[in-house]
Every structure is written in structure tokens, then in C-alpha cells.
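With the first letter of the sequence shown counted as 1, position 324 gets the number 324 in UniProt numbering; the numbers rise by one all the way through. Yeah, the Cβ is synthetic: ideal placement off N, Cα and C, and Gly gets one too. Since the model is a prediction, treat every value here as computed from it, not as a measurement. Each remark here refers to the structure printed beneath this line.
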Amino acid sequence: FWTANCAQITSTNQKAINGIVHQVDRVLTTATGTLWELLSESQQFSKFLSLIDDELRQRLMNSDEHLTVLAFTDDEFNRLPATVLQAIVGRSKCLKDLISEHIFPNTLCSVAVNGSVKIQNIAGHFISASLSANDDERSSHLKFEGVNVTEADRIATNGVLHVIDGVILLEHMLDTLEALRQRHATNFARLLVENDLDIQNCSEVTVFVPPERSLQTLKAEDIKKTLETHIFTELIELKPRQNLEENDSIAISQSGDIFKLSIGSDVLQFPFTDFLDTINAHIGCSQIVASNVRTCNGIVHFIDKPLTSANLTVFELLKSRSDISQFVNMLKLSSLKNKIDEEDFRGTILAPSNDAIGAVFSGDQKQTLLGDSKKLDLFVKRHIISEVLCEHQLNSAAGPLALSRHRSLAGEVIQGRHSGEKFQIGQSPVSESELRATNGIVYILDRPIMRRLSSLWDIFDFAPDIHSVSDLFDI
Numbered sequence: 001f002w003t004a005n006c007a008q009i010t011s012t013n014q015k016a017i018n019g020i021v022h023q024v025d026r027v028l029t030t031a032t033g034t035l036w037e038l039l040s041e042s043q044q045f046s047k048f049l050s051l052i053d054d055e056l057r058q059r060l061m062n063s064d065e066h067l068t069v070l071a072f073t074d075d076e077f078n079r080l081p082a083t084v085l086q087a088i089v090g091r092s093k094c095l096k097d098l099i100s101e102h103i104f105p106n107t108l109c110s111v112a113v114n115g116s117v118k119i120q121n122i123a124g125h126f127i128s129a130s131l132s133a134n135d136d137e138r139s140s141h142l143k144f145e146g147v148n149v150t151e152a153d154r155i156a157t158n159g160v161l162h163v164i165d166g167v168i169l170l171e172h173m174l175d176t177l178e179a180l181r182q183r184h185a186t187n188f189a190r191l192l193v194e195n196d197l198d199i200q201n202c203s204e205v206t207v208f209v210p211p212e213r214s215l216q217t218l219k220a221e222d223i224k225k226t227l228e229t230h231i232f233t234e235l236i237e238l239k240p241r242q243n244l245e246e247n248d249s250i251a252i253s254q255s256g257d258i259f260k261l262s263i264g265s266d267v268l269q270f271p272f273t274d275f276l277d278t279i280n281a282h283i284g285c286s287q288i289v290a291s292n293v294r295t296c297n298g299i300v301h302f303i304d305k306p307l308t309s310a311n312l313t314v315f316e317l318l319k320s321r322s323d324i325s326q327f328v329n330m331l332k333l334s335s336l337k338n339k340i341d342e343e344d345f346r347g348t349i350l351a352p353s354n355d356a357i358g359a360v361f362s363g364d365q366k367q368t369l370l371g372d373s374k375k376l377d378l379f380v381k382r383h384i385i386s387e388v389l390c391e392h393q394l395n396s397a398a399g400p401l402a403l404s405r406h407r408s409l410a411g412e413v414i415q416g417r418h419s420g421e422k423f424q425i426g427q428s429p430v431s432e433s434e435l436r437a438t439n440g441i442v443y444i445l446d447r448p449i450m451r452r453l454s455s456l457w458d459i460f461d462f463a464p465d466i467h468s469v470s471d472l473f474d475i
């Protein structure tokens, strides 16, 4: 459709004997000055004008330009958070292009917005615009980035002015701390400030944000270390189908903890297909549920559970747990003790609890096992995997179409799966999952790992329920 001074032309080319008539939907308003003059004649735009640099002022004064200005009033500017106001007034690099984000390089009348669209501003970024009908269905409502237009289509000789009831702050204009607040990670942001972790002053930072509810259970003495575990002083951007090189797959947090980044798909991909456009990524054992939120000085990713710091080796972690002391004793008596205690060991330990062992072994049976080195080694080997595996990796190894298989040191396939809210490995329910060590992961089991049967039941993960102690061993 066509417009004349932002009035929609509803009927065209009606010929008369002495000319042509075009019908418009409103009375035309005349342009009496440039955009600069239009802004300057009203005191309500003084803050907006004060932030315009010389180059942009010349464009707003140039009658040969064709621009659209989204102008916020002083009242709306003063409603911004104090930290944002301070950054704007202090000419923070994050907000130096604030006014440019409010200007489009062409004339955009309100009627030209059809539904929801993206429009590029003179800063080179895309702004969302939407026009929707009001409840009375006789008028419409225009928004830019969710900010309401309170007065539309003020015509100037070099463009059009729309008055808006807020300041457009795109995430890339905010420092990382303010972006967290905008994303409703308010408790996480508050704790960062309270613990003097000034991520807004980092030149480059990546933050992995856990669920807000997970912060409520933190002990006071653990809060700062936990927060530092989620902060990385580098930019970590994730892309779909990205193949991470070995060096790129390791990230070191501000706490000094080392985490592996993995990007992949649990979906079986066939040749010549490229239907996966979402990111299936993990850092450590935490799934990244929302990624690549760009801020002025960093990137924010949201994860499904907190990252955990590791201070003990696998063997030290096992020995520190009194509830698995019987398994630790078996490990010490077996030939596997030295392997687990080696400096270069990396793996996963499936440790049955004392109650789990007591439920399947009588006192005599336990003594028999401890007295037979071969059977003891076999029992312990069934509970050790020479890979560091999180729940999602064990879970992806289940079923006939599994993309990977993981085996214990006994050579048997180890598979995990979720049953309701519980996770289990084989037929063994997991009471505590993904206990992180510096060189591996520990799972606490409510039942020892049973001997798997070599049959089709096994292949399709329909293992029968095994109860007797003889099923644990080849006896």
C-alpha cells in the first residue's frame, strides 16, 4: 500500500476532468521542520537530545535524509535502573550507541508495520516491531521491542518521529550483570554483587546460570566458590553441529575447576540430512537449556543444574564416604586399588551403598567373596568404567539404536535410564548421582551391578529382574 505523510492511501487514481484524486484514511499533517527541530521544540526530549553525538545531529538536521526516530521522554529515561543510568551518563562502551539503536535509516510509518517484523536500525541491529488490534478492534497498537508507541507518525521534513514509553535496551547493550537481571536471574545477580564478583567489569566473560531454585539450598560458606564455578573469563559461544577440537572442549572456571564442553545430538543422523538446527550441548554434566545470550561484555548460557566444584580425586572421594565403606574395603582388597589410585586414572565409579551390599549378601557370603580374589576382582570391575560419564551419556547408551556403548572393566555393557524422576544404571537405582571428582564421577547405588545375560533380552534392554546372589557371579 501507499502512504502520504503516514496517512494510508485507501483509494487511488480516481480520475476527474481536471486531475486525479487519491483517498486517504485521515487528515494529512504537514511537516514544518526537521527531526532535530521537532525534538528540540519539546522539553520532554532533553535527555534524548543530550545523548546525540555531532555526526548523528547533522543527520537529524539534514533535510535530504529519510529517518525514523523512536524518542523516549525524560520521564521514561529517569525510570531506568540506577546502574543503567550511571552507565549511560558515564558513556559506557556498552551504551555508546544507545540513540542509534532508536533510529531507522528510512521512513517507517505505523501503517507500514504489518503484524510482527524485524527492522534494521542505523547501528546495524534488528529491532522487532509489531502492530496489533486493540480490544475495540477500531484502533491498533504499535510496539518496538515490546515498548509501546504513545504517539505515532509525527511528520518531519526528513522523516517521521514516534514517541515511545520506554528506553529500548537490547541485551547486547547491557553488561552481563544487568542482562542477568533482565532475564529474571535476579537471585544469581544479587549473589554476584553481594560476593564482590564484578563480572560487569570483565572485558570478556561467560556465565553459566543454574536454575534459581538451586541457589536456595546453598550453604553460606559455599556460595562464593559455587558462583565462581559458573564464571569463565573468556567468551564461550556454542553453535549447532559444532565440532569442538580437543583444546576447545575444555573450559576453566574462575574457581579453577576444569569442565568439558560437548555438543552433539541424541538423534540418529542419516547421510545427506541436516535437520538438526538446535544446540544439544552440555558443560560437565549440566545440559545447556538456553544458549548464546550476547551481552556487551560476554555471553550467558542457562543450564538445567548447577556445576559442581571438585576438590578430591575419585579414590579420596570414595574414602570420604562412610555410607560406601564396604565397597571401598572391597576395592582396597582387590587388584583394582592401585589402578584407581593412579595419577592418570580417569573414570566412573558405581559404588553400591553399605545397605545395598547388606541387602544381597549374608555375612558368610560376604566373607566368601572377600576370600576369593578372582570373584572379588570381577565384582569390583563391574562397578568401574574407564570413562568419565554423566547421566546423559549413560542414558544415550541405552536401547537397540544406542549411539554409543560403554563397558565396565568386566567387559559388560553399562546402560543408564530414567524411570520417572529416578535414574538407574542397569537394574540398580541411583541414590546419589554425578558426584564430581577431579578425575572422574561417582554414583551411589541402591543395589550392586548384576551380571548381565548374553541374550536378545540384553540387546534390547529388557533385562529380567535378577534377585539371587548367584546371579551376581559366574557361580
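C-alpha of Glu-212 to C-alpha of Ala-189: approximately 10 Å in a straight line. If you compare the alpha carbons of Leu-70, Gln-182 and Ile-155 with that of Phe-144, the shortest gap goes to Leu-70. The residues Thr-34, Thr-157 and Asn-158, in chain order, have a CB closer than 8 Å to that of Ser-63 in the same chain once the five nearest residues on each side in sequence are set aside.
Gly-284 counts as buried, since no fewer than 16 other beta carbons sit within 10 angstroms of its beta carbon.
In this chain, the alpha helix (DSSP H) harbouring Gly-363 covers 363 to 371. In the DSSP annotation of this structure, the continuous segment of the beta strand (DSSP E) that includes Ser-132 starts and ends at 126 to 133. Around the beta carbon of Trp-2, fewer than 16 other beta carbons lie within 10 angstroms, which makes this residue exposed. Ser-249 sits close to Leu-261, with the two beta carbons spaced by under 7 Å. Per DSSP, reduced to three states, the secondary structure at Asn-78 is helical. The shortest C-alpha to C-alpha distance from Phe-48 to any of Gln-14, Lys-96 and Thr-83 is the one to Lys-96. A distance below 7 Å separates the beta carbons of Leu-227 and Asn-195. Rounded to whole angstroms, the Cβ separation of Glu-204 and Leu-174 is 15 Å, and the two are not in contact under 8 Å. In this structure, DSSP gives Gly-411 a state outside helix and strand, which the three-state scheme calls coil. Residue environment for Lys-374: exposed (fewer than 16 other C-beta atoms within 10 angstroms of its C-beta). Straight-line measurement puts the Cα of Leu-435 at about 17 Å from the Cα of Asn-354.
Per DSSP, the unbroken beta strand (DSSP E) holding Phe-72 starts and ends at 67 to 72. In the DSSP assignment, Val-163 forms a beta bridge with Ala-71 and Glu-151.
For the set Ala-220, His-184, His-406 and Val-380, the Cα lying nearest the Cα of Val-300 is the one of His-184.
DSSP places Ser-262 within a strand segment (E or B) once states are collapsed to three. If you ignore the 5 residues before and after Ile-252, its C-beta comes within less than 6 Å of the C-beta of Ile-258, all in its own chain and listed in chain order. Taking all protein chains in view, the Cβ of Ser-334 is crowded by 16 or more other Cβ atoms within 10 Å, so the residue is classified as buried. Taking a contact as a CB-CB distance under 8 Å, the pair Phe-77 and Val-167 counts as one, their CB atoms being some 6 Å apart. In this structure, His-230 is the residue among Gln-8, Phe-345 and His-230 with its C-alpha nearest to the C-alpha of Ile-288. Cβ contact annotation for Leu-80 (same chain, cutoff 7 Å, sequence separation greater than five): Val-167, in chain order. Per DSSP, the continuous alpha helix (DSSP H) segment holding Ala-179 begins and ends at 176 to 182. In the DSSP assignment, Val-328 falls within the alpha helix (DSSP H) that extends over 325 to 333.
Residue range 422 to 425 is occupied by the beta strand (DSSP E) that includes Phe-423. Here Ile-99 is near Ile-52, since their CB atoms are less than 7 Å apart. Taking 7 Å as the cut-off, the beta carbon of Leu-378 is found no closer than this to the beta carbon of Leu-369. For the pair Ala-152 and Ser-40, the Cα-to-Cα distance works out to about 17 Å. Look at Val-27 here: in three-state DSSP terms it is coil, with no helix or strand label. Residues Thr-348, Val-388 and Glu-434 of the same chain have their beta carbon placed closer than 6 Å to that of Ile-441, with the five preceding and five following residues left out of the count.
Annotated three-state conformation of Arg-59 is helix, per DSSP. Between the alpha carbons of Val-21 and Lys-15 lies a gap of roughly 6 Å. Gly-298 is bridged by DSSP to Val-205.
The C-beta distance from Gly-411 to Asn-395 rounds to 21 Å, too long to fall under 8 Å, and the pair is not in contact.
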